[in-house]
Structures are given as C-alpha cells and as structure tokens.
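To start, the structure itself, in structure tokens.
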Amino acid sequence: MARNHYYLSIADLGRARGDDPRFAYDGAGPNDFASALQQALRGDELFQRWRAAQPDPDAVDTSLAVTDADAEVHAKVADLHTEVDLVTSLPMSVVRHRLYLLIGSAWQLRDMRAA
258 MARNHYYLSI
268 ADLGRARGDD
278 PRFAYDGAGP
288 NDFASALQQA
298 LRGDELFQRW
308 RAAQPDPDAV
318 DTSLAVTDAD
328 AEVHAKVADL
338 HTEVDLVTSL
348 PMSVVRHRLY
358 LLIGSAWQLR
368 DMRAA
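Here this note's numbering is used: the first residue of the sequence shown is 258, the next is one more, and so on.
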C-alpha cells in the first residue's frame with residue numbers, strides 16, 4: 258500500500274479540541290498531540306469508542322476503521338503555530354476523521370507527497 262507524507266499546520270494547539278470531549282485531544286503540547294494522533298492512527302480504540310457512541314453503530318462506514326501500525330507522527334512549534342509531519346498508508350478520509358475527533362477543524366493540510 259502506498260505511503261503518503263502529510264504536512265499539517267495547527268494555528269493554536271492550546272485551543273484545538275474536537276467537538277465532543279469524549280474523543281477530543283486533551284494534551285499539553287506538540288509531543289502530546291503527536292502521540293495522541295499516532296495512537297489514533299495505529300490502533301482502532303478511538304474509532305471504536307466513537308462508533309459505539311453513534312445512534313446506530315452498525316450503520317457506521319467500516320472503511321473509517323482501518324489502521325496503520327506503522328504510522329509516524331511528529332509535531333513541533335514553529336512561528337507561533339504547530340507543524341505536524343505525518344507518514345501513513347491511510348487514506349485522507351481516515352486521517353481527516355481522526356483529526357476531527359481529536360482537534361475539530363483547527364488544522365490545515367499544507368501539502369501531501371508520496372513518502
């Protein structure tokens with residue numbers, strides 16, 4: 258499966274939270290966020306908790322459940338924002354879903370390239 262390198266930017270990580278506190282990121286900085294996102298992409302625990310909270314869990318699109326045990330996430334502060342480097346074989350639809358659960362719409366995709 259092809260691996261992609263996603264370059265993301267988060268303007269204010271300190272305020273970046275998903276809409277539902279049950280699934281939202283609750284860390285203190287770039288390293289915490291990188292760890293939370295990496296865990297959310299490598300395993301399905303966040304997805305399964307979200308799925309169980311849906312009105313009809315059996316109707317949830319199962320393509321959102323895929324994981325990448327080799328996903329790598331690194332984040333750092335740069336010029337008053339957080340830069341995130343993510344390498345994964347997961348499609349953008351899954352990455353986007355996990356990001357929205359963790360930090361809502363507080364992120365921006367800057368670039369994507371083959372890894």
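Every residue gets a Cβ at the ideal spot worked out from N, C-alpha and C, and that includes glycine.
Note to self: Quick check on DSSP: helix, strand or coil for R306?
What the structure shows: In the sequence shown, residue 306 corresponds to position 49, counting from 1. DSSP places R306 in helix when its eight states are reduced to three.
Check: What is the rounded straight-line gap between the Cα of D315 and the Cα of V341?
Finding: As a first step, residue 315 is located in the sequence shown; it is residue number 58 there, counting from the start. As a first step, residue 341 is located in the sequence shown; it is residue number 84 there, counting from the start. Each residue's Cα considered, the two are about 33 Å apart.
Check: With DSSP run on the structure shown, which of helix, strand or coil describes T324?
Finding: As a first step, residue 324 must be located in the sequence shown, where it is residue number 67. Here T324 sits in coil by DSSP.
Check: L294: buried (16+ other C-beta within 10 angstroms of its C-beta) or exposed?
Finding: Counting from one through the sequence shown, the residue named residue 294 turns up at place 37. Classification of L294: buried, given that the 10 Å Cβ count is 16 or more.
Check: What does V330 pair with, by DSSP beta-bridge criteria?
Finding: Residue mapping note: residue 330 aligns to position 73 of the sequence shown, counting from 1. In the DSSP secondary-structure assignment, V330 is bridged to L343.
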